[in-house]
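Quick note, the sequences are listed as chains A and B, same order.
Each number in the numbering used here corresponds to the 1-based position in the first sequence with 30 added.
Each number in the numbering used here corresponds to the 1-based position in the second sequence with 24 added.
Heads up, the beta-carbon is just placed ideally off N, CA and C, and yes, glycines get one too.
One structure below.
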Amino acid sequence: MTEVSPDQTASRRAGTPSPDEDWIAELTSDGPVRDDALRRLHALLLRGARFQVSRMSALRAMVGAAQVEDVVTLAADEAMVAVLGKLSTFEGRSRFTTWAYKFAVLQAAVELRRQAWSRREVPLDAAPLLIEPRPSPDQYAEGAEMATAVRNAIDRVLTPHQRRIALALIVDEVPIDVLAERLGTNRNALYKTLHDARGRLRAHLALEGYLTPAPGETR
Amino acid sequence: MTAAGRPLSTEALSQLTTEPGPWLSCDDCFRLVDRYVEALLTGGADASAGDLAALPAHLSGCAACAEEATTLLLLAAGDEGVDPADALRRLTAG
Numbered sequence: 031m032t033e034v035s036p037d038q039t040a041s042r043r044a045g046t047p048s049p050d051e052d053w054i055a056e057l058t059s060d061g062p063v064r065d066d067a068l069r070r071l072h073a074l075l076l077r078g079a080r081f082q083v084s085r086m087s088a089l090r091a092m093v094g095a096a097q098v099e100d101v102v103t104l105a106a107d108e109a110m111v112a113v114l115g116k117l118s119t120f121e122g123r124s125r126f127t128t129w130a131y132k133f134a135v136l137q138a139a140v141e142l143r144r145q146a147w148s149r150r151e152v153p154l155d156a157a158p159l160l161i162e163p164r165p166s167p168d169q170y171a172e173g174a175e176m177a178t179a180v181r182n183a184i185d186r187v188l189t190p191h192q193r194r195i196a197l198a199l200i201v202d203e204v205p206i207d208v209l210a211e212r213l214g215t216n217r218n219a220l221y222k223t224l225h226d227a228r229g230r231l232r233a234h235l236a237l238e239g240y241l242t243p244a245p246g247e248t249r
Numbered sequence: 025m026t027a028a029g030r031p032l033s034t035e036a037l038s039q040l041t042t043e044p045g046p047w048l049s050c051d052d053c054f055r056l057v058d059r060y061v062e063a064l065l066t067g068g069a070d071a072s073a074g075d076l077a078a079l080p081a082h083l084s085g086c087a088a089c090a091e092e093a094t095t096l097l098l099l100a101a102g103d104e105g106v107d108p109a110d111a112l113r114r115l116t117a118g
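Below is the structure:
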């Protein structure tokens, strides 16, 4: 059963279906009405997927034009299956088009990241961190001191797993989906590891006097 | 990467030590993000209330979710004919 928002209820009382109700009604009907709705939905998902890919210029260049178009088409097709499979969970708390777009955006981003990194090695070693020079002497001294403190904290307070994940995601800029695939895990688990690692680093740096905890953040 | 090590850039330093905020999984971010971008685009206080309150910290800390949320915001703004500039500024700031 699809839930409806107060806005949808109001429009129903007034006798005029909202655009969202139109989408749901048409996608759950039969015949030419449903066929037309499916065609429009696929066009919308293609637009969402194409726009996501257009914003990822660095990865797009690594993949090549023909493969990029395959990514867009595949993402729209997979998003179509996802949207239709989850139609009954649409609560009407956002517009239907925004809700549907997010499936295409996710599929396109994940697929392009995967394709772009398909031939790249994911560095998961524990090579020592280096401190990057700063432009001015003052900035250099201050920045170098903080960088040293962070590097020491990474070595001292993070678990080997937290260190490996945090460095791969942030220092080596491995996309989280790619890292999850290579490690046989998922995005949630990796983000939780990073979340906990940040908490540990911040608590240690606060104790050492390098940063002030945010309100509600424990030392 | 060579055996000599990895550079620790200012940006990486900032990302490693960013305040993680309340826990929100990437799956929950995905579940809520359509409501969040629309709340931002209408300029309502709803964007920082209730179950949306943990979104800004998650989007500050998760590059992939932030990249996708930005796209969604731009798509929704385009469909509505709304200037996305203010909403984009608030996307990770709450």
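- Selection A:238, A:206, A:181 and A:192 evaluated against residue 38 of chain B yields A:181 as nearest (Cα-Cα).
- Every alpha helix (DSSP H) stretch that sits fully inside the stretch 174–233 of chain A and reaches 4 residues is listed by chain position as 190–196 and 206–213.
- Using a Cβ-Cβ cut-off of 9 Å, residue 78 of chain A is close to 95, 96 and 99 of chain B, given in chain order.
- Around residue 136 of chain A, the beta-carbon contacts reaching into chain B at under 7 Å are 54 and 92.
- The three-state secondary structure of residue 150 of chain A, taken from DSSP, is coil.
- When rounded, the separation of the alpha-carbon atoms in residue 178 of chain A and residue 196 of chain A is 16 Å.
- Rounded to whole angstroms, the Cβ separation of residue 99 of chain B and residue 78 of chain A is 6 Å, and the two are in contact under 8 Å.
- Proximity of chain B to residue 176 of chain A at the Cβ level (cut-off 8 Å) is accounted for by 37, in chain order.
- Separation of residue 60 of chain A and residue 117 of chain A (C-alpha to C-alpha, rounded to the nearest whole angstrom) is 15 Å.
- Burial check for residue 141 of chain A: the Cβ neighbour count within 10 Å reaches 16 or more, so the residue is buried.
- Cα atoms of residue 241 of chain A and residue 86 of chain B: separation of roughly 21 Å, rounded to the nearest angstrom.
- Beyond the five residues adjoining it in sequence on each side, residue 83 of chain A comes within less than 7 Å, by CB distance, of 90, 98, 101, 102, 138 and 142 in the same chain, given in chain order.
- Taking the Cα of residue 107 of chain B as reference, the smallest distance to any Cα among B:89, B:76 and B:65 is reached at B:65.
- Within chain B, the residues placing a beta-carbon under 8 Å from that of residue 197 of chain A are 30, ordered along the chain.
- Counting other Cβ atoms within 10 Å of its Cβ, residue 232 of chain A reaches 16 or more and is therefore classed as buried.
- Contact check for residue 95 of chain B against residue 228 of chain A fails: the beta carbons are separated by 8 Å or more.
- By the 16-neighbour rule on beta-carbons within 10 angstroms, residue 102 of chain B is exposed.
- Apart from sequence neighbours up to five positions away, the residues of its chain that approach residue 60 of chain B with a beta-carbon distance below 8 Å are 71, 76, 79 and 93, ordered along the chain.
- With a cutoff of 8 Å on beta-carbon distance, residue 89 of chain B and residue 83 of chain B are scored as near each other.
- Pairing residue 71 of chain A with residue 113 of chain A gives a Cβ-Cβ distance under 8 Å.
- Of the candidates A:146, A:210 and A:132, A:132 places its Cα closest to the Cα of residue 81 of chain A.
- Listed by position along chain A, the residues whose Cβ is nearer than 7 Å to that of residue 42 of chain B are 228.
- Residue 104 of chain A places its beta carbon 8 Å or farther from that of residue 183 of chain A.
- C-alpha of residue 244 of chain A to C-alpha of residue 130 of chain A: approximately 36 Å in a straight line.
- In this structure, residue 53 of chain A lies away from residue 73 of chain A, with their beta-carbon atoms at least 8 Å apart.
- Restricting attention to A:64, A:198 and A:50, the CA atom closest to the CA of residue 152 of chain A is found in A:198.
- Excluding sequence positions up to five before and after residue 202 of chain A, its CB lies within less than 6 Å of the CB of 153, all in the same chain and listed in chain order.
- The beta carbon of residue 106 of chain A sits no closer than 8 Å to any beta carbon of chain B.
- Using a Cβ distance threshold of 8 Å, residue 206 of chain A and residue 217 of chain A count as a contacting pair.
- Among the CB atoms of chain A, none fall inside 8 Å of the CB of residue 74 of chain B.
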